[in-house]
Every structure is written in structure tokens, then in C-alpha cells.
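Following our numbering, the numbering of the sequence shown begins with 42 at its first residue and continues without gaps.
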Amino acid sequence: MLIVQKYGGSSVADAKRVKNVAERIAKTYRSGNKVIVVLSAQGDTTDELIEKAKELNATPSKREMDMLLTTGEQQSVALMAIALESLGIPAISLNAAQVKMHTSRDYGVARINKIDTDRIESELYRNNVVIVTGFQGVNRYDDLTTLGRGGSDTTAVAIAAAIHADICEIYTDVDGVYTADPRVVPNARKLEEITYSEMLELASLGAKVLHNRSVEMAKKYNVELVVRSSLNDHEGTKVKEETEVEKMLVSGVAGDDNIARVSLLKIVDKPGKAFEVFNTLAKNKINVDIIIQSVATDGKRNISFSINKDSLEDVKKIVDANIKKWGVAGVEYEENIAKVSVVGAGMVANSGVASKVFEAMYDADVNINIISTSEIKISILIEKDDMKRAMRAIHDKFNLGLV
Numbered sequence: 042m043l044i045v046q047k048y049g050g051s052s053v054a055d056a057k058r059v060k061n062v063a064e065r066i067a068k069t070y071r072s073g074n075k076v077i078v079v080l081s082a083q084g085d086t087t088d089e090l091i092e093k094a095k096e097l098n099a100t101p102s103k104r105e106m107d108m109l110l111t112t113g114e115q116q117s118v119a120l121m122a123i124a125l126e127s128l129g130i131p132a133i134s135l136n137a138a139q140v141k142m143h144t145s146r147d148y149g150v151a152r153i154n155k156i157d158t159d160r161i162e163s164e165l166y167r168n169n170v171v172i173v174t175g176f177q178g179v180n181r182y183d184d185l186t187t188l189g190r191g192g193s194d195t196t197a198v199a200i201a202a203a204i205h206a207d208i209c210e211i212y213t214d215v216d217g218v219y220t221a222d223p224r225v226v227p228n229a230r231k232l233e234e235i236t237y238s239e240m241l242e243l244a245s246l247g248a249k250v251l252h253n254r255s256v257e258m259a260k261k262y263n264v265e266l267v268v269r270s271s272l273n274d275h276e277g278t279k280v281k282e283e284t285e286v287e288k289m290l291v292s293g294v295a296g297d298d299n300i301a302r303v304s305l306l307k308i309v310d311k312p313g314k315a316f317e318v319f320n321t322l323a324k325n326k327i328n329v330d331i332i333i334q335s336v337a338t339d340g341k342r343n344i345s346f347s348i349n350k351d352s353l354e355d356v357k358k359i360v361d362a363n364i365k366k367w368g369v370a371g372v373e374y375e376e377n378i379a380k381v382s383v384v385g386a387g388m389v390a391n392s393g394v395a396s397k398v399f400e401a402m403y404d405a406d407v408n409i410n411i412i413s414t415s416e417i418k419i420s421i422l423i424e425k426d427d428m429k430r431a432m433r434a435i436h437d438k439f440n441l442g443l444v
């Protein structure tokens, strides 16, 4: 079999864990498989590099940040190759430039356009374990780029798709995909399998097990995906097109407190204004989530939307530059909020899910600010301090816990 294995930063955080992962890779290789390994930076390396940069410059350029941050993964792959060599396993480490991981030119949020597989295939032919840096690529200027937090998952799935791997295994510090974050909801239950669509929603809504773009790519190219722990041999969670069991009403609850809400006040109520605002944000690579527009009064409307908090400073600059052009009377920013979401493919054919969510919030004395729904999810914006309590209340209301 041709297997792609991805290991996150916590799985290779120190020498002991690197050796543990090396033993796992060696076992897979000795079983007669061809193995490609994708690694994240060790432990908190990325955060430490960001802090070092900000000690020198509060607003460093995105290009130079990408040059800096990509060194983390390069350390990881070289150390893993060294560890495998000590076990008698032939291995070679490659960075994004050596593989030719072509991305868009957007520093910090680049997207993979194409992967040249020649070098990888050549090294596999030589019976090497190929260890590739995750999270990074090379743009049209031959500059290094990064794919955004969690981007190593996307690297692994992209390689698996490009090289037609038999399976892509995502190793992390948890046993698989749970009905909620077990650190927040102690009785959360591990799922044996989950659909691409459900996993994509959960990943997009705050579940930190998989990067949402990796799930999107796996669904598009039908990459067989398994999430499991690097710390034990337990069976993980299969992410697939259709599950073999009857669709659960609700598969999981996700929470995200790294968001902010932007409210544009008293915009002139005429066609094209919303397009003008969100087209400008899109051109500046700002991902907007929940949007709500008030009913017009006195010829004016308010528009509120949520964003990732990491984009807030960029959004403030965009709003300041366009506020007069848009005809906005004022703007408010709210950072003390969180988003809690309920996801389940079974919601399509069942009524009353929203009612149970609202009942859970009433029981937990949590006030709802904004509501957003789709066929398989319900998201609510609430106060940040209420997030964990809300997740537990919803989880219990739908009886998702261990039995």
C-alpha cells in the first residue's frame, strides 16, 4: 500500500515523541508499505517564532513571517529523518521548494494549486520513507508561503490526492473525532465514522481535529481519510462520503471563541450596498462567516457579520478606508463572543432540532445573539464566557455522551 501519514506538532513535540512516531513509521514501512510522512512544527514552535518576530516588530510583513515560520517544519522533517536513520530505515526529508508544492501567492493564507510528484515518486522508487514539510508551499515568485494554521492536514491530503495514495492517516493527540471537544465536554464520545460533509462543517465551525480545507479536498478527490492518535494503537475515526450506520440526528457540537463580530451601522438601504461591502472584504482575502442584516428603518439598515479574530486588525483597516464610500454612519467591533454549532446529517429529515438547541440554552441560562442555519448545522453567537456551558448543555440535550 501507498500510505500518507501526517503527524501534528504535539505528536513530535520532543525527542521522546519523535522517537515514538519514528517507531510507528518504521513499523508501517517494515510491513511492506511505501510511506510518505507530513509533519508539523514541533510543539509550540510556531507560536514561539511569532513571539520572537513581534519582539522586534509589532506588525511584521506577511512575506517575512512566512520565511520565518516555515523553518519550524523544516526542523521537524530533518529530525524525523535522523531518527529513522537510527532505526535502520532509509529516509529523506524534503521541504516545499524541493517537492515543488505550488501555491497561490498569498502569504499566510496560500492555497495549493499543484504538486509536482516527480521527486516524491523518485524517492519512493529508491525505497525511502519520504518526509515532507507540512503547512507550506512555494508561490510564483519562488517565495515560501504558508497555508494558515492547521495547513499540514491540507498538505497531507493534497499529496495523497496527487499521488493517488491508498489512504491518508491524520495522527494527532486524540483518538479520533469526538461528538465534542473532550477537554470541554468530559463525556464526549468518539465517532467510528463521519461523513465528509459533517466533518467539513465541524472543522469550519471550530473543531480542531482537522483543518477544514483538508476535508474539503478529501471530499473533492475522494481521499480515504482516517483520524487516529499517535500515542496509542486504538482505532480512529473514518471520514468518508457515506456512513454505514443510520445517520445520527446530531453528530457533534463545536465551539469557537477565536471570532469577532463587526457591525456596520445605518447603511443606506439600496441595492448593491451589501455586495459593495462583502466584495471589498473578499478581494482582501477576508473570510466572513455569519451575516445578519436588520430590517430597514428610515431608509437605513445595519449589517453584522462574524470573522476569525486573527483577521480583525485587517478588517478595521479596510473599514476605515471604505466607511465613507460605503455610506456607513458608524461601526462596532465585539471580541467577547463565541460561536457554538450543532452538526448532523440527520437534521435534514428531522424537525425540532432548533427547538432543542434553544431549549438547552434556556436551561443553561445562555442568551443567544445571532442564529445561522443550514441543512446540516445550526450556529449561534453567544457571550464568550458562556461557550463551554452552552456546549455541555447542547451535548446533554441530544444525549451525545458516553453510554
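The C-beta atom is built at its ideal place from N, Cα and C for all residues, glycine as well.
Note that the structure is predicted; figures quoted are calculated from it, not measured.
With A301 as the anchor, note down where its beta strand (DSSP E) starts and where it stops. Position 260 of the sequence shown, counted from the first residue, corresponds to residue 301. Residues I300 to V309.
Considering G178, what are the terminal residues of the beta strand (DSSP E) in which it resides? Here residue 178 corresponds to residue number 137 of the sequence shown, with the count starting at 1. Unbroken beta strand (DSSP E) run through G178: Q177 to V179.
Return the first residue and the last residue of the beta strand (DSSP E) that A151 is part of. Position 110 of the sequence shown, counted from the first residue, corresponds to residue 151. Careful: A151 lies outside any beta strand (DSSP E) and carries neither H nor E.
Between the alpha carbons of P227 and G368, how many angstroms are there, rounded? In the sequence shown, counting from the first residue as 1, residue 227 sits at position 186. In the sequence shown, counting from the first residue as 1, residue 368 sits at position 327. In a straight line, the C-alpha of P227 is about 48 Å away from that of G368.
Should T220 be labelled buried (16 or more other beta-carbon atoms within 10 Å of its own) or exposed? Counting from 1 along the sequence shown, the entry for residue 220 is found at position 179. Flag for T220 reads buried.
Measuring from the CB of K249, is there a heavy atom of the ligand ZN at a distance below 7 Å? In the structure shown, the ligand ZN is absent, as is every other ligand, since no ligand is present at all.
Please report the residue range of the beta strand (DSSP E) in which L251 lies. The count along the sequence shown starts at 1 and reaches residue 251 at position 210. Careful: L251 lies outside any beta strand (DSSP E) and carries neither H nor E.
Short of 6 Å in beta carbon distance, which residues of its chain neighbour I378, apart from the five on each side in sequence? Order them along the chain. The residue given as residue 378 occupies position 337 in the sequence shown. Excluding positions up to five away in sequence, the list reads R302, L422 and K425.
Can you give me the Cβ contacts of N363 inside the same chain, cut-off strictly under 7 Å, excluding the 5 residues immediately before and after it? Stepping through the sequence shown from its first residue, residue 363 is reached at position 322. Hits under 7 Å: T321.
Distance CB(F439)-CB(K397) smaller than 8 Å: Stepping through the sequence shown from its first residue, residue 439 is reached at position 398. Stepping through the sequence shown from its first residue, residue 397 is reached at position 356. Between F439 and K397, the C-beta spacing is below 8 Å.
Would you tell me roughly how many angstroms separate the C-alpha atoms of A295 and G129, rounded to the nearest one? As a working note, residue 295 is residue 254 in the sequence shown. As a working note, residue 129 is residue 88 in the sequence shown. Taking the straight line joining both Cα atoms gives about 43 Å.
For A122, count neighbouring Cβ atoms within 10 angstroms of its own Cβ and tell me buried if that reaches 16, exposed if not. Residue mapping note: residue 122 aligns to position 81 of the sequence shown, counting from 1. Buried, since its Cβ has 16 or more Cβ neighbours within 10 Å.
Helix, strand or coil: how does DSSP classify Y182 here? Counted from its first residue, the sequence shown places residue 182 at position 141. Correct three-state label for Y182: coil.
What's the C-alpha gap between E400 and D297? As a first step, residue 400 must be located in the sequence shown, where it is residue number 359. As a first step, residue 297 must be located in the sequence shown, where it is residue number 256. The alpha-carbon atoms of E400 and D297 are separated by roughly 21 Å.
Would you check if the distance between the CB atom of M432 and the CB atom of V225 is smaller than 8 Å? In the sequence shown, residue 432 corresponds to position 391, counting from 1. In the sequence shown, residue 225 corresponds to position 184, counting from 1. The answer is yes: Cβ separation under 8 Å.
Span of the beta strand (DSSP E), counted from its first residue to its last, around S382: Here residue 382 is taken as the residue at index 341 of the sequence shown, counted from 1. That run of the beta strand (DSSP E) goes I378 to V384.
Identity of the residues DSSP links to A6 by a beta bridge: The chain is shown from 42 up to 444; residue 6 falls before or after that span and cannot be answered.
Can you tell me which of the three DSSP states L422 falls into? Within the sequence shown, numbered from 1, the residue matching residue 422 stands at position 381. If DSSP states are grouped into helix, strand and coil, L422 belongs with the strands.
Any idea if N253 is buried or exposed, counting beta-carbon neighbours within 10 angstroms, 16 or more meaning buried? Here residue 253 is taken as the residue at index 212 of the sequence shown, counted from 1. By the 16-neighbour rule on beta-carbons within 10 angstroms, N253 is buried.
In this structure, how does DSSP classify D361 when only helix, strand and coil are distinguished? As a first step, residue 361 is located in the sequence shown; it is residue number 320 there, counting from the start. Of the three classes helix, strand and coil, the one that applies to D361 here is helix, per DSSP.
Going by C-alpha to C-alpha distance, which of M108, S413 and V173 sits closest to I133? Within the sequence shown, residue 133 is the residue found at index 92, counting from 1. The residue with the shortest Cα to Cα distance from I133 is V173.
Under the rule that 16 or more other beta-carbon atoms within 10 Å means buried, what is S72, buried or exposed? In the sequence shown, counting from the first residue as 1, residue 72 sits at position 31. The residue is exposed, with fewer than 16 neighbouring Cβ atoms inside 10 Å.
DSSP on G49, reduced to helix/strand/coil? Here residue 49 refers to the residue found at position 8 when the sequence shown is read from its first residue. Of the three classes helix, strand and coil, the one that applies to G49 here is coil, per DSSP.
Three-pair Cβ contact test at 8 Å for the stretch 263-273 versus the stretch 199-217: yes
Taking the beta carbon of T100 as the centre, do at least 16 other beta carbons fall within 10 Å, making it buried, or is it exposed? Locating residue 100 in the sequence shown gives position 59, counting from the first residue. By the 10 Å Cβ count, T100 comes out exposed.
Put N349 into one of helix, strand or coil per three-state DSSP. Start at 1 with the first residue of the sequence shown, and residue 349 comes out as number 308. It is a strand residue.
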